[in-house]
Structures are given as C-alpha cells and as structure tokens.
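Residue numbers (the working numbering): 221 to 617.
C-beta: ideal position from N, C-alpha, C; glycine also.
Here the structure is laid out as structure tokens; the discussion comes afterwards.
Put into structure tokens, the structure is as follows:
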C-alpha cells in the first residue's frame, strides 16, 4: 500500500540517461521501470535480466559513481599539506621490531610516504589479510606525521580493538619516544579531561580511539594523518567528520582485512588509491579449515577436550541464527551452558548486551588463560589477539 501511494506521487522526472544509449539497451523510462517491478505483468518481469531491473541497477551504479567523483573532486581540491618526515622515529620503530618488514609492507610504506610527502592529500586504502602486518605499516605512517610536527589519529571500530591496538603499539612507541593516548567512550572524569588536554596541546602525538574521536569536544592541535581500521565499519560521513577535525586537509589511510577484488575496490572506494599487502610475515602456520554437520557435535567437543589438555584455547562463535539479537543471544547462552557443564570453570561468554568492563574482564581471563573456551556472538570482531587461541569453531557458519 505504501509503495503504491509513493508510486502515485512520483513526479515526471526529466530523463538523465543518454537517449541513444537507452534505445540501444531497450530500457524503459524510470517511472515505467519502477511500475514494472512493483506491479509485474509476468514472473520474468522481475528477473535480474529484465530491462526494468537492469535500468534501475544502472541508474543506481551511475549515481554512486557520480557521488564518488564529486567527493573525490572535493577532497582533492582541498589543498593537502606536505608531511615529509625526517625518518628518525621510523628508524627507531623499525629497530624496535622483533622481525623485519615483508616486501609487501615495505612497498605499502613507500606508497604511503610518497603520498604524505606530496602537496596533494593522501586518500589510500590499505588491504591485507588478518596478520599481514597492516598495523605496523599504519604506525610507521603515524610516526612520519609526528616527525613532521603533526598529530596522527588511529580509529578502530570497537573498544576491544582500540584497547588492543593501544597495548600493541605502546610496546613499540615507548622505546621510540613517541607519546601515545587512548580515547574511547569509557574514559570518564578527570582522566578523560587529561587526555583531551594532551590532544589539544599536541603533547599526544598519536591518539588511538573509537568513534569517540569524532565528538565535538575532541580538539586536535594539528591533525595531519587519520588512519581508519576496518574501513567498511565506518561510513563516508564518519571519514569526513574525522577529517573535518583537521580543517579537511589531513591525509587519510583506511585499512581493511576484507578481501576486495580490485574492480570492486575501485567501484566502492572510487575515491581512493589502493595498496595491497599480499604475503604474510615469516613463520605463519598454514590454516586448516573443516566443515562438519551439526550431527557430529559430540566429536567436536571431544576434540576440544584434547587440544585444551595440550594448553591450547578456542573461540566458539554463535553467529546470527535469526535476524534477531534475542535469538542470537539465546543461542550463545545455550551453547555456553552446555560447554560450561562439560568444561567446568573454563568457559566464558561475551555478547553485545554486556557492559564494556564486563566484556573486558572475560576477554582478559581468556587472554590470561584462566578461561580456555570463549563463547561469543559476532561481537568478538576481527583482530582480537590471543596467540594461544588456535581454534575457532563457528556454529551455523
């Protein structure tokens, strides 16, 4: 009913496609295409190949591309700034690393440094699988901003990840003499005021945080580089909001572990240049993936008992079973109870309804080895670092 009313109100829109092109494709006008899909005359009128459907899909893609072109033109028009760096902090960080960079990491760093040193603004997407070493590449870029007298911001999609990045990078930044701050929704009262003051004065050279970094009262003295982790979790408007903190002139590096074929990368992130890290650091073990029917659950639990006895740990993920968080949560709670009965005192549960400190306490117990199995909904998210957790079981994959 709502669709019918909306369709009746649709004005005669001027045709924006080229007439000869439309004729060649044998595509209907926009309003005819909409009517044909919402009130089809035959089943094949709504097939993916149907002219009405192709027409609307083409309109949508074209609109998307034009919007990206406008965003890109706008962003490129905003004058960039040169952040050439001196190489001092970078050299100290590389010396502090317990391993050497892979050729892919070195190439990505070279691409980024070239962009940062130029007059134009950097808009670069860094793609690499989990464990390919994107975070270190980002840190070297952030250090370069610091060498150039500017600040860097590193934004992660969840608090768990922001805290983990902070813990990982603090080990390297301390010895290199780089000051690091962490800002999430959890910092409150005086500690928060102190962090905000350090960001505003420029004392904090690198600030790691969640979307708390967007908030109006967060003021940078001079934001030169914004790094956004797991790009697909943030919209274009959030990217723009973070850059607005730099008067729109900051360089931008976004990272993703989601494999995106090049053509799709250019379509979806048409406003960016792309760097890829294809190889893994040395010494990575091959990953063994198996699919089992739910009827073999007992074998899975027996196998789990064996590996736990050897000192390993496991994630057990209960993803969206239905389109409802309640059902999802119930599934995870049931699984948790079943496993807790079998592995007494060794199983933890993490889900989206828990408060931050509760989640962190369970995660910490899993990380320290007090818990051997962590049951969770998909809040577990990418990149949580527990080296002893060598197994992940995904139920209803």
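Taking 8 Å as the threshold (C-beta atoms), are residue j and residue i in contact?
i           : j           : result
residue 434 : residue 419 : no
residue 619 : residue 282 : Residue 619 is absent from the model: the chain starts at 221 and stops at 617.
residue 372 : residue 382 : no
residue 430 : residue 509 : no
residue 300 : residue 471 : yes
residue 350 : residue 477 : yes
residue 305 : residue 367 : yes
residue 246 : residue 268 : no
residue 390 : residue 449 : no
residue 380 : residue 583 : yes
residue 494 : residue 611 : no
residue 387 : residue 316 : no
residue 534 : residue 593 : yes
residue 266 : residue 274 : no
residue 564 : residue 570 : no
residue 400 : residue 438 : no
May I ask you to report which of helix, strand or coil DSSP gives residue i?
i           : result
residue 434 : helix
residue 614 : strand
residue 401 : strand
residue 289 : helix
residue 223 : helix
residue 596 : strand
residue 235 : coil
residue 471 : strand
residue 465 : coil
residue 278 : helix
residue 515 : helix
residue 603 : Note that residue 603 scores 49 on pLDDT, short of 50, meaning its location in the model is unreliable; the coordinates nonetheless yield the value given after this. Three-state DSSP puts residue 603 in coil, outside helix and strand.
residue 211 : Residue coverage of the chain in this structure runs from 221 to 617, which leaves residue 211 outside it and unanswerable.
residue 229 : helix
residue 527 : helix
DSSP has residue i in a bridge; who is on the other side?
i           : result
residue 609 : 533
residue 374 : 428, 447
residue 476 : 347
Return the residue from the list the options that minimises the CA-CA distance to residue i.
i           : options            : result
residue 556 : 538, 572, 573      : 538
residue 595 : 572, 576, 577      : 572
residue 226 : 258, 240, 243, 248 : 258
residue 330 : 284, 610, 470, 360 : 360
residue 322 : 498, 563, 430      : 498
residue 587 : 608, 565, 250      : 608
residue 354 : 485, 501, 465, 400 : 501
residue 251 : 263, 229, 270      : 229
residue 224 : 529, 534, 260      : 260
residue 392 : 424, 570, 402, 312 : 312
residue 303 : 246, 407, 342, 247 : 342
residue 314 : 333, 270, 363, 269 : 363
residue 531 : 578, 589, 598      : 589
residue 553 : 568, 563, 562      : 568
residue 446 : 427, 438, 436, 437 : 427
residue 524 : 340, 492, 566      : 566
residue 171 : 529, 485, 266      : This structure cannot settle anything about residue 171, because the visible part of the chain is limited to 221 through 617.
residue 345 : 473, 239, 388, 279 : 473
residue 479 : 294, 559, 352, 234 : 352
residue 338 : 291, 469, 408      : 469
residue 574 : 559, 597, 414      : 597
residue 613 : 563, 514, 287, 579 : 514
residue 370 : 425, 325, 334      : 425
residue 475 : 518, 325, 579      : 325
residue 407 : 581, 570, 432      : 432
residue 278 : 236, 529, 422, 398 : 236
In the DSSP assignment, find the unbroken beta strand (DSSP E) run with residue i in it and report its ends.
i           : result
residue 449 : 443-449
residue 347 : 343-348
Provide the residue span of the alpha helix (DSSP H) that contains residue i, from first to last.
i           : result
residue 309 : 308-316
residue 245 : 239-245
residue 419 : 409-421
residue 583 : 576-588
residue 569 : Taken as a continuous stretch (DSSP letters only), residue 569 belongs to no alpha helix (DSSP H), being part of the beta strand (DSSP E) at 567-570.
residue 497 : Careful: residue 497 lies outside any alpha helix (DSSP H), inside the beta strand (DSSP E) at 493-497.
residue 331 : 323-337
residue 360 : 354-367
residue 507 : Residue 507 -> no alpha helix (DSSP H), and no H or E assigned at all.
residue 383 : 379-396
residue 256 : 250-258
Quick one: is the Cβ of residue i within less than 7 Å of any heavy atom of the ligand NAD?
i           : result
residue 561 : Looking for the ligand NAD in the displayed structure turns up nothing, as the structure carries no ligands at all.
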